[in-house]
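Residue numbers (my numbering), protein chains in the order written: chain L, 1 to 293; chain Y, 294 to 388. Presented below is the structure to which this report refers.
Laid out in structure tokens, this is it:
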């Protein structure tokens, strides 16, 4: 993992006060907020960095760890525990930024680039990372491959059709780098599926409501409706009631990791009554009403 | 008018934990459209995204109403220009 200088990101000095940090964050957030930089991926990335920097530096405890341990600040507790086990009565080196060879073990010296030749090094597995991948529901209707840029590395992942919103996949070894030759952590990617369609998705089934005019509902007929993969003709039975639900088998969403298998599409009818009736129409409806009496 | 496409503003404010006065101020500045039915203000679903953006500008970035007004105006111009650029870029491939 590359060292990220949070002070540099927030454009502040290491001696910055909490107020300075807050001010810098607010200034940069206004500049790079995605809402004021539409469709600007660089601004979005920068905003994420600013947020990350602010989260660390605005918390005095995290800031202290970051100042002491740099990129490995998240391992601070592990390091301190390790130091305590080694018999250091101070329980670490809090409040001390002078990492001289004489005062600290090779373990810490190596972490901060100091000298030393002893080989007593403990390997630490890197931290697991989490990321979100935003996709449109149409993107996961078919199996596709997508290239992701993770910590400067391009990796191509297969996104099977039918992936669920909130589903998590693990990319082994793509998390934070391990310390002292330890293995990398894993990267967990959560899929966030945005659904801007007229279909409500529940697993592999889709649900939609369509307007049916009064006359088709009463007399029956054929209507054309939209599905995820195009339009289909749907026969409507005579005297169809409002709220009637029909099932279109296999017209739903792909079943996850079952190639060629689809859920169903459930269509609920909503009856639209005619408005702005003419005198003639009113007369005819009255006539109909009288017949029903 | 049906209310299926509408969200009552008091309910919206409750969910988003914002003051009703803020939504009214946005409306007065002409930044959002509200629908009034039987003395209840409603926001249309298609305007929710824009309203959420204005809320973030105010509450997250602490921008006052005048600032939001300017930003909203400039954003519209930016988005229109981005759209135009996209069309021009695409037209190069169509030829």
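The beta carbon of each residue, even a glycine, is placed where N, CA and C say it ideally should be.
| Item | Value |
| --- | --- |
| Go to residue 194 of chain L, then tell me how far its alpha helix (DSSP H) extends in each direction, as first and last residue. | First-last for residue 194 of chain L: 187-194, but that is the beta strand (DSSP E), not the alpha helix (DSSP H). |
| Taking Cβ-Cβ distances shorter than 9 Å, what residues in chain L pair up with residue 329 of chain Y? | The premise fails here: residue 329 of chain Y is roughly 21 Å from chain L at the closest Cβ pair, so nothing lies under 9 Å. |
| Exposed or buried, what is residue 7 of chain L when buried is set at 16 or more other beta-carbons lying within 10 Å of its beta-carbon? | buried |
| On the DSSP letters alone, give me the boundaries of the beta strand (DSSP E) that residue 340 of chain Y sits inside. | Element bounds for residue 340 of chain Y: n/a, residue is neither H nor E. |
| Less than 7 Å between C-beta atoms, sequence neighbours within five positions excluded: which residues of the same chain meet that for residue 322 of chain Y? | 358, 362 |
| What are the residues in the stretch 345-368 of chain Y lying within 8 Å of chain L by C-beta distance? | 346, 349, 350, 353, 354, 355, 356, 364, 368 |
| Is there at least one Cβ from chain Y nearer than 9 Å to residue 39 of chain L's Cβ? | yes |
| Examine chain L for any beta-carbon lying closer than 9 Å to the beta-carbon of residue 321 of chain Y, and answer yes or no. | no |
| Is there a C-beta anywhere in chain L that falls below 9 Å from the one on residue 336 of chain Y? | no |
| Determine the closest residue to residue 310 of chain Y out of Y/298, Y/352, Y/339, with distance taken between C-alpha atoms. | Y/352 |
| Closer than 8 Å, Cβ to any Cβ of chain Y: which residues of the stretch 20-46 of chain L, in chain order? | 26, 29, 30, 33, 35, 36, 38, 39 |
| Spatial neighbours of residue 156 of chain L within its chain, please: CB distance less than 6 Å, with the 5 preceding and 5 following residues excluded, ordered by chain position. | 145, 147 |
| Against chain A, with Cβ distances strictly below 9 Å, would residue 362 of chain Y count as a contact? | This model lacks chain A altogether, as its protein chains are L and Y. |
| Could I get the ranges of all uninterrupted beta strand (DSSP E) runs contained in the stretch 180-248 of chain L, with 3 residues as the minimum, in chain order? | 187-194, 200-202, 205-213, 221-227, 230-236, 245-248 |
| Could you check if residue 72 of chain L is buried or exposed, using at least 16 other CB atoms within 10 Å of its CB as the buried criterion? | buried |
| Suppose you measure from the CA of residue 126 of chain L to the CA of residue 179 of chain L; what does that come to, to the nearest Å? | 7 Å |
| Could you work out which residue in L/242, L/196, L/227 is closest to residue 205 of chain L when comparing CA atoms only? | L/227 |
| Tell me the residue span of the alpha helix (DSSP H) that contains residue 46 of chain L. | 41-57 |
| Distance check for residue 132 of chain L and residue 23 of chain L, CA to CA, integer angstroms please. | 28 Å |
| So residue 35 of chain L and residue 349 of chain Y are supposed to be a Cβ contact under 8 Å. How far apart are they, rounded? | 6 Å |
| Which residues does DSSP list as the beta-bridge partners of residue 144 of chain L? | L/159 |
| Between the stretch 280-291 of chain L and the stretch 317-333 of chain Y, can you find at least three pairs of beta-carbon atoms closer than 8 Å? | no |
| At a cut of 8 Å, does the stretch 132-141 of chain L reach the stretch 190-199 of chain L through at least three beta carbon pairs? | yes |
| Helix or strand or just coil, what does DSSP make of residue 256 of chain L? | coil |
| So, are the CB atoms of residue 300 of chain Y and residue 338 of chain Y less than 9 Å apart? | yes |
| Can you pull the chain L residues whose beta carbon is under 7 Å from the beta carbon of residue 377 of chain Y, in chain order? | The premise fails here: residue 377 of chain Y is roughly 13 Å from chain L at the closest Cβ pair, so nothing lies under 7 Å. |
| I want to verify the contact list: residues of chain L whose CB lies under 8 Å from the CB of residue 371 of chain Y, in sequence order. | 38 |
| Determine the direct distance from the alpha carbon of residue 202 of chain L to that of residue 173 of chain L, and round the result to whole angstroms. | 32 Å |
| So the candidates are L/60, L/221, L/181; which of them puts its Cα closest to the Cα of residue 15 of chain L? | L/60 |
| Using the beta-carbon count (16 or more within 10 Å), is residue 254 of chain L buried or exposed? | buried |
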